[in-house]
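Numbering (our numbering), first residue to last: 6 to 120.
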């Protein structure tokens with residue numbers, strides 16, 4: 006099985022998810038999204054496939070999200086996506102895609118549904 010993980014090596018959940026993928030025998034493509042962020046259209050595609058909104062994919066715990074007003078009611082997905090493109094740290098992780106679908110793997114055991 007092929008899998009793609011949008012990964013932050015500094016994140017414990019992301020590291021644990023990557024380990025689960027590797028232990029499953031999946032052929033894993035690792036994208037360190039802080040170094041190589043996905044294009045806006047790709048991020049929209051991933052979120053649509055996962056059945057989540059940009060707000061669902063926002064790393065709301067990141068102080069910058071509040072500083073930019075992204076956690077307030079009524080903020081549009083377009084505004085959140087614009088901020089994610091400018092500041093990839095706002096993209097919640099790990100985001101994993103396999104042939105079975107896409108999931109934001111928090112907690113890391115969510116990845117098991119994709120294997």
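Beta carbons: idealized from backbone N, C-alpha and C, even for Gly.
I'd like the list of long-range same chain contacts for residue 22, defined as Cβ closer than 6 Å, with 5 residues on each side in sequence excluded.
Hits under 6 Å: 99, 110, 113 and 116.
Let me confirm a value: residue 4 is counted as buried when at least 16 other C-beta atoms fall within 10 Å, else exposed. Which label applies?
There is simply no residue 4 to check, as the chain begins at 6 and stops at 120 in what is shown.
Compare the C-alpha of residue 28 against each of 36, 40 and 8 and name the closest.
8
Where do the ends of the alpha helix (DSSP H) carrying residue 27 lie?
17-28
Do the stretch 64-75 and the stretch 88-99 touch if we need at least three Cβ pairs shorter than 8 Å?
yes
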